[in-house]
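*Asks:* I am attaching a structure below and will ask some questions about it afterwards.
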Amino acid sequence: MRHWLTAALATLVGIASPALAQTATKPLTVVLIPADGGTESGTIADYQPVFNAISRSTGIKFDLKVAQSYGAVVEAMCGGRADVAFMGPVTYLQARKRGCAKLLAVGVENGQSVYYAGFFARKDAPFKSVKDLRGKRVAFGDVNSASSFVFPMAMVIEAGLDPVHDLGEIRMAGSHVNSLAALVQGRVDAAALSFDSYEKAVRQGAVDPKKFKVIAKSSPIPYPPIAVNSRLAPKLQAKLRAAFADIAHAPGMTPEMIRGYGGKRIDGYDVKFPASKFNVAASRMALVNDDLKSRILTKSANR
């Protein structure tokens, strides 16, 4: 059973054999959370220029893949099938707790390394706060996503609502894109997702911002990090860290090519970002614990 599960997880992220030993012919495997709803093209397009630049400056080759879920990224790292990963704050903490991930670099925009989650609704909806979602249909993303599930659920709890008993319907859409789509298509009254994902949808013309509004915005969330497999050779880890620190000066790199979560332009990467700053995400994870997750998933399945 265990061997079957391992093989299945490997298939989910498209990786069939262990990584961790980069050579002249074997690139490092980079696994990315499905920030664009599980499709490869959008997320890879966001990060390919950065890794191409690092490859030119260091000679290290990379093979970028997009996982089918946030949890699959953790399993790829901890199963030795990924060398580097773009992870959400929650998935990074999950992998770090299992001893298989070390913080490598965190994106910086305007001197900060934070992003935000929010609840969105149609412009004509009568909602003014999270409290107004009592009895309403609400969409969330992946259960392991900080900004489309953990932080928004924490906001529901902090508003004095019990997600299981007080929300009318919980729709687990699986991604930011699907959560927003459920709102656009009228299948829910409100949707939880990151502001980066919402703004990307607006830029791509998928959403008319005149038709939607923000009900609530979260407190700052540590920016989704890039982590390195803790079993990777220390010298190689140091080489990668130096390359991310100097990404703005990498051969062939331009400011427009330095992008982060949601394809948004960022200034660069901080390789000295304190891991302790992710403790705020850990506190939200404690609030939205495994027992509550189980009850939420049960409610969602029975809608």
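Read in order, the letters of the sequence shown correspond to residues -21 to -1, 1 to 282 in mature numbering (1 follows the signal peptide of the UniProt record, and there is no 0). Ideal Cβ positions, reconstructed from N, Cα and C, are used throughout, including at glycine.
#1: So what's Gly241 in DSSP terms, helix, strand or just coil?
#2: From what residue to what residue does the beta strand (DSSP E) around Met151 run?
#3: Judging by CA-CA distance, which residue of Ala84, Asp25, Gly50 is the nearest neighbour of Ala221?
#4: Measuring only the C-alpha atoms, how far is Lys243 from Asp249?
#5: Between Val193 and the ligand ATP, is the CB less than 6 Å from at least one heavy atom?
#6: If you drop the 5 nearest sequence neighbours on each side, which residues of the same chain put their C-beta closer than 6 Å to that of Asp145?
#7: Kindly list the residues whose CB is nearer than 8 Å to the CB of Lys192, restricted to its own chain and excluding five residues on each side of it in sequence; keep chain order.
#8: Could you tell me whether the Cβ atoms of Ala14 and Thr22 are closer together than 7 Å?
#9: Over the uninterrupted beta strand (DSSP E) stretch that includes Val117, give me the two end residues.
#10: Which one or two residues does DSSP pair with Ile205 in a beta bridge?
#11: Shortest alpha-carbon distance to Gly247 belongs to which of Gly90, Phe41, Gly50?
#12: Taking the beta strand (DSSP E) that Thr8 falls in, what are its first and last residues?
#13: Does Ser262 pass the burial test, meaning 16 or more other C-beta atoms within 10 Å, or should it be called exposed?
#14: Would you decide whether Asn281 is buried or exposed? Buried here means 16 or more other CB atoms lie within 10 Å of its CB.
#15: Which partner residues does Val143 have in the DSSP bridge list?
#16: Would you identify the three-state DSSP class for Gln91, choosing helix, strand or coil?
*Replies:* Quick look at the numbers:
#1: The sequence position of residue 241 within the sequence shown is 262, counting from 1. Gly241 falls in the helix class under three-state DSSP.
#2: Within the sequence shown, residue 151 is the residue found at index 172, counting from 1. Counting along the chain, the beta strand (DSSP E) containing Met151 begins and ends at 148 to 151.
#3: For the purposes of this step, residue 221 is identified with residue 242 of the sequence shown, where counting begins at 1. The shortest Cα separation from Ala221 among Ala84, Asp25, Gly50 belongs to Ala84.
#4: Taking the sequence shown and counting its residues from 1, one reaches residue 243 at position 264. Taking the sequence shown and counting its residues from 1, one reaches residue 249 at position 270. Cα to Cα, the separation comes out at about 16 Å.
#5: Ligands are entirely absent from the displayed structure, and the ligand ATP is therefore not among its contents.
#6: Walking along the sequence shown from the start, residue 145 turns up at place 166. Arg113.
#7: Counted from its first residue, the sequence shown places residue 192 at position 213. Cβ within range, chain order: Phe99, Ala100, Arg101, Lys102, Ala104.
#8: Here residue 14 corresponds to residue number 35 of the sequence shown, with the count starting at 1. Here residue 22 corresponds to residue number 43 of the sequence shown, with the count starting at 1. Note that the C-beta distance between Ala14 and Thr22 is below 7 Å.
#9: Locating residue 117 in the sequence shown gives position 138, where the first residue counts as 1. Its beta strand (DSSP E) spans residues 116 to 119.
#10: Locating residue 205 in the sequence shown gives position 226, where the first residue counts as 1. In DSSP, Ile205 forms a bridge with Phe65, Ala84.
#11: Stepping through the sequence shown from its first residue, residue 247 is reached at position 268. Gly247 has its Cα closest to that of Gly90, out of Gly90, Phe41, Gly50.
#12: Locating residue 8 in the sequence shown gives position 29, where the first residue counts as 1. Note, Thr8: beta strand (DSSP E), 7 to 11.
#13: Residue numbering aside, residue 262 sits at position 283 when the sequence shown is read from its first letter. Result: exposed.
#14: Against the sequence shown, residue 281 aligns to sequence position 302. So Asn281 counts as exposed.
#15: Numbered from 1 along the sequence shown, position 164 holds the residue referred to as residue 143. DSSP lists no partner for Val143.
#16: For this step, residue 91 is matched to residue 112 along the sequence shown. Correct three-state label for Gln91: strand.
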